[in-house]
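Asker: In the working numbering, the protein residues as written are 25 to 134.
Don't be surprised by glycine CBs; every beta carbon is placed ideally from N, CA and C.
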Amino acid sequence: MAQKIVTIYTDDLTGKESEEATTHTIVIDGVGYEIDLGPDSYDKLLEAVTPFTKAGRRIKAGRIKTAPKTSEARTDTAAIRAWAKDKGYNVNDRGRVPADIREAYEKASK
25 MAQKIVTIYT DDLTGKESEE ATTHTIVIDG VGYEIDLGPD SYDKLLEAVT
75 PFTKAGRRIK AGRIKTAPKT SEARTDTAAI RAWAKDKGYN VNDRGRVPAD
125 IREAYEKASK
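1. From the DSSP output, in three-state form, read off residue 104 for me.
2. My assumption, with CB atoms under 8 Å, is that residue 126 sits in contact with residue 115. Please give the rounded CB distance.
3. Residue 61: which of 77, 84, 40, 54 sits nearest, CA to CA?
4. Consult DSSP for residue 125 and reduce its assignment to one of helix, strand or coil.
5. Taking only the alpha-carbon atoms, compute the straight-line gap between residue 64 and residue 33 and give it to the nearest angstrom.
6. Within 10 angstroms of its Cβ, does residue 35 collect 16 or more other Cβ (buried), or is it exposed?
7. Does DSSP classify residue 60 as helix, strand or coil?
8. Going straight from the alpha carbon of residue 112 to that of residue 120, what length do you get?
9. Given a cut-off of 8 Å, decide if residue 52 and residue 59 are closer than it, judged by their beta-carbon atoms.
10. Anyone know if the C-beta pair for residue 102 and residue 129 falls short of 8 Å?
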């Protein structure tokens with residue numbers, strides 16, 4: 025049997041498929057974020073942050089301070105998503121799990 029794997033790249037901002045979408049990393053207050061953006065969305069990001077990057081000082085990646093992980097951050101998001109879907113919550117397959125779903129999961133787990 026033959027198997028074909030298809031990779032679809034999606035712009036996280038617009039939700040549209042884009043063969044040109046690439047992953048970008050943003051760090052604010054020591055918390056890193058990754059976002060996949062097509063060229064137009066990336067241009068919007070640069071336009072939004074340019075005044076701040078021009079006024080700021082560039083630092084080496086090794087000097088970026090990361091925030092300590094909380095117990096909430098260590099909770100297995102895959103398990104939370106599976107539990108939430110089983111309980112009828114509307115939860116996305118990617119991105120941050122909403123706080124109310126995390127709280128409901130933690131209450132149910134006690």
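Answerer: Looking at the coordinates:
1. Your numbering for residue 104 matches position 80 in the sequence shown. The three-state reading of DSSP puts residue 104 in helix, counting H, G and I together.
2. The residue you call residue 126 lines up with position 102 of the sequence shown. The residue you call residue 115 lines up with position 91 of the sequence shown. Going by Cβ atoms, the distance from residue 126 to residue 115 rounds to 10 Å, so no, they are not a contact pair.
3. Against the sequence shown, residue 61 aligns to sequence position 37. Measuring C-alpha to C-alpha distances from residue 61 to each of 77, 84, 40, 54 identifies 40 as the nearest.
4. Mapped onto the sequence shown, residue 125 falls at position 101. Residue 125 falls in the helix class under three-state DSSP.
5. Here residue 64 is taken as the residue at index 40 of the sequence shown, counted from 1. Here residue 33 is taken as the residue at index 9 of the sequence shown, counted from 1. The alpha-carbon separation between residue 64 and residue 33 amounts to approximately 14 Å.
6. Residue 35 sits at position 11 when you count from the first residue of the sequence shown. By the neighbour-count rule (16 or more Cβ atoms within 10 Å), residue 35 is buried.
7. As a working mapping, residue 60 is identified with position 36 in the sequence shown. DSSP places residue 60 in strand when its eight states are reduced to three.
8. Within the sequence shown, the letter at position 88 stands for residue 112. Within the sequence shown, the letter at position 96 stands for residue 120. Rounded to whole angstroms, the separation of the alpha carbons of residue 120 and residue 112 is 18 Å.
9. For the purposes of this step, residue 59 is identified with residue 35 of the sequence shown, where counting begins at 1. For the purposes of this step, residue 52 is identified with residue 28 of the sequence shown, where counting begins at 1. No.
10. In the sequence shown, counting from the first residue as 1, residue 102 sits at position 78. In the sequence shown, counting from the first residue as 1, residue 129 sits at position 105. Not a contact, by the Cβ cut-off of 8 Å.
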